[in-house]
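So the structure is just underneath, and the comments pick up after that.
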Amino acid sequence: MRIRTPVTDLLGIDLPVVQAGMSWVSSASALPLAVSRAGGLGVVAAGPMRIPDLSRVIDEMEHGTDQPFAVNLPLYRRGVDEVMDLLVARRPRVLIASQGGPRRYLARFRDAGTICLHVVAGVEHAVKAAEAGVDGLVVVGAEAGGHPAPDQVSTLVVVRAVAAAVPELPVIASGGFADGAGLAAALAIGAGAVQFGTRFLLSAEANVHRAYQDAVLRAGITDTRLVGRGLGPVRALANEFAERMVKLEDSGADLDARRAEFTRSTLRMAAYDGDVVHGKVEAGQSAGLIDSVLPAGEIVRRIAEEYVATVDRLPRPD
Numbered sequence: 001m002r003i004r005t006p007v008t009d010l011l012g013i014d015l016p017v018v019q020a021g022m023s024w025v026s027s028a029s030a031l032p033l034a035v036s037r038a039g040g041l042g043v044v045a046a047g048p049m050r051i052p053d054l055s056r057v058i059d060e061m062e063h064g065t066d067q068p069f070a071v072n073l074p075l076y077r078r079g080v081d082e083v084m085d086l087l088v089a090r091r092p093r094v095l096i097a098s099q100g101g102p103r104r105y106l107a108r109f110r111d112a113g114t115i116c117l118h119v120v121a122g123v124e125h126a127v128k129a130a131e132a133g134v135d136g137l138v139v140v141g142a143e144a145g146g147h148p149a150p151d152q153v154s155t156l157v158v159v160r161a162v163a164a165a166v167p168e169l170p171v172i173a174s175g176g177f178a179d180g181a182g183l184a185a186a187l188a189i190g191a192g193a194v195q196f197g198t199r200f201l202l203s204a205e206a207n208v209h210r211a212y213q214d215a216v217l218r219a220g221i222t223d224t225r226l227v228g229r230g231l232g233p234v235r236a237l238a239n240e241f242a243e244r245m246v247k248l249e250d251s252g253a254d255l256d257a258r259r260a261e262f263t264r265s266t267l268r269m270a271a272y273d274g275d276v277v278h279g280k281v282e283a284g285q286s287a288g289l290i291d292s293v294l295p296a297g298e299i300v301r302r303i304a305e306e307y308v309a310t311v312d313r314l315p316r317p318d
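Last residue of the sequence shown: 318 (this note's numbering), numbering continuous.
Right, here's the structure in full:
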């Protein structure tokens, strides 16, 4: 099956399904390989990876599929310049950059022939990225896990606003999507694809502790918290860490006290060690829409089939 959009044309993929670059979860080849082989865009998360490990995973991706894949690079990570040197030399088809400005990397990757997508969470940054010359945007709304925008504008609103502000750029919507009905909704408001995070977190190939998956699988749509305002907020499941942060924020604790608590807990504690009580169990509100762990290729296939079924059910004008 093919579903053609401006994003699929830009990236050379069959389906407008992008697997989010999630630290630990896709910091290995199994998940992105499965997604790319199924016709979507698999994304390697370079955020927590050492350079030799990243180079090895890129080798595995290149040997494992002839379909496009991407590398996600948070620009705030330690040693980012060395990582960029490696990626420029390896020339991945697609770079998805986040947490920084595009002028820092754009010229180098453009010269290497890499398609550059930039993650934004509002119209102002979308316009600046467009003016800098990026090839497309990933637009993240409040429902997303990980690092959504602190202003908490919903995905449906921010994607519609960005699509209207920069109509020349392909847009990938991210935050709150779990199935083909969500894909249909995103395409209807001007996106050309959807980035699915939590749905692929709950895949058989996710490089994450099973306790993390079990906690997300049990969650409902109201079981996440946005915590860490002023510190680079994250959306994570309600647990002892998140509730302590909520109490500190509600009581007006000073920034240093909140920072100490916020940095004491890490994503690695939950994703790698399986400590879902004290770690940052990052997940989106869409966790409450998902009730199974499936092979990633099956997830891609189901999203495409659900999209077609959703469109067929929509009322037609008389």
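Even for Gly, the Cβ is constructed at its ideal location relative to N, Cα and C. The model shown is predicted, which means the values in this text are computed figures rather than measured ones.
{"Item": "Apart from the five residues on each side of it in sequence, which residues of its chain come closer than 8 Å, Cβ to Cβ, to VAL246?", "Value": "ARG225 and VAL227"}
{"Item": "Using 8 Å as the threshold, is the stretch 276-293 in touch with the stretch 171-184, meaning 3 or more CB pairs across them?", "Value": "yes"}
{"Item": "Report the residue from ALA34, ILE115, VAL300 and HIS63 whose alpha carbon sits nearest the alpha carbon of VAL71.", "Value": "ILE115"}
{"Item": "Check whether the stretch 191-203 touches the stretch 235-252, taking contact to mean three or more Cβ pairs, one atom from each stretch, closer than 8 Å.", "Value": "no"}
{"Item": "What do you get for ARG264, buried or exposed, if any count of 16 or more other CB atoms within 10 angstroms of its CB means buried?", "Value": "exposed"}
{"Item": "When the Cβ atoms of the stretch 155-164 are set against those of the stretch 267-283, are three or more pairs found closer than 8 Å?", "Value": "no"}
{"Item": "Where ARG258 and GLY252 are concerned, what is the direct C-alpha to C-alpha distance, given to the nearest angstrom?", "Value": "9 Å"}
{"Item": "Exposed or buried, which one is ARG235 when buried takes at least 16 other CB atoms within 10 Å?", "Value": "buried"}
{"Item": "What does the alpha-carbon distance come out to for the pair VAL208 and ALA309?", "Value": "32 Å"}
{"Item": "With TYR212 and VAL281 assumed to form a contact (beta carbons below 8 Å), what rounded beta-carbon distance in angstroms separates them?", "Value": "6 Å"}
{"Item": "Give the C-beta separation of ALA296 and ILE3 to the nearest angstrom, bearing in mind that I take them to be a contact with Cβ-Cβ under 8 Å.", "Value": "In fact, because the Cβ distance is near 18 Å, the residues do not count as touching under 8 Å."}
{"Item": "Sorted by chain position, which residues of the same chain lie with C-beta nearer than 8 Å to GLU249's C-beta, five sequence neighbours on each side aside?", "Value": "VAL227, ARG229 and ARG258"}
{"Item": "Considering only their Cβ atoms, is the gap separating ALA45 from SER27 smaller than 8 Å?", "Value": "yes"}
{"Item": "Can you give me the C-alpha to C-alpha distance between ILE221 and PHE241, rounded to a whole angstrom?", "Value": "19 Å"}
{"Item": "Using CA atoms only, rank isn't needed, just tell me which of PRO68, ALA186 and LEU41 is closest to VAL140.", "Value": "ALA186"}
{"Item": "Taking the Cβ atom as the reference point for each residue, do LEU10 and LEU41 lie within a distance shorter than 8 Å?", "Value": "no"}
{"Item": "Assign GLU143 to buried or exposed, taking buried as 16 or more other Cβ atoms, counted over all protein chains shown, within 10 Å of its Cβ.", "Value": "buried"}
{"Item": "Among the candidates PRO150, LEU255 and GLY197, whose CA atom is the shortest distance from the CA of SER23?", "Value": "GLY197"}
{"Item": "Comparing C-alpha positions only, which one of TYR105, ALA149, ARG104 and SER98 sits nearest to GLY122?", "Value": "ALA149"}
{"Item": "For PHE69, write down the residues that DSSP places opposite it in a beta bridge.", "Value": "GLY42"}
{"Item": "Please report the straight-line C-alpha distance between LEU183 and GLN152, rounded to a whole angstrom.", "Value": "21 Å"}
{"Item": "Could you check the C-alpha separation between PRO74 and PRO315 for me, to the nearest Å?", "Value": "42 Å"}
{"Item": "Which of the three DSSP states is assigned to HIS147 in this structure?", "Value": "coil"}
{"Item": "Helix, strand or coil for ARG225? Go by DSSP, reduced to three states.", "Value": "strand"}
{"Item": "What would DSSP say about ARG93, mapped onto helix, strand or coil?", "Value": "coil"}
{"Item": "Assign ARG4 to one of three DSSP states: helix, strand, or coil.", "Value": "coil"}
{"Item": "Just to confirm the assignment, what range does the beta strand (DSSP E) spanning ARG332 have?", "Value": "The question about residue 332 has no answer, for the chain in this structure spans 1 to 318."}
{"Item": "Can you confirm whether the stretch 74-93 touches the stretch 123-139 when touching is taken to mean that 3 or more C-beta pairs between the two stretches lie within less than 8 Å?", "Value": "no"}
{"Item": "Which residue wins for smallest C-alpha separation from ALA330, given the options GLN99, HIS118 and GLY133?", "Value": "The requested residue 330 is not part of the displayed model; the chain covers only 1 to 318."}
{"Item": "Give the C-beta separation of HIS147 and ALA129 to the nearest angstrom, bearing in mind that I take them to be a contact with Cβ-Cβ under 8 Å.", "Value": "No, HIS147 and ALA129 are not in contact; Cβ-Cβ is about 16 Å, not under 8 Å."}
{"Item": "Decide if LEU255 is buried, meaning its Cβ has at least 16 other Cβ atoms within 10 Å, or exposed.", "Value": "exposed"}
{"Item": "Looking at VAL300 and LEU87, is the spacing between their C-beta atoms short of 8 Å?", "Value": "no"}
{"Item": "Enumerate in chain order the residues of its own chain whose CB-to-CB distance from ARG50 is below 6 Å, with the five nearest sequence positions on each side excluded.", "Value": "none"}
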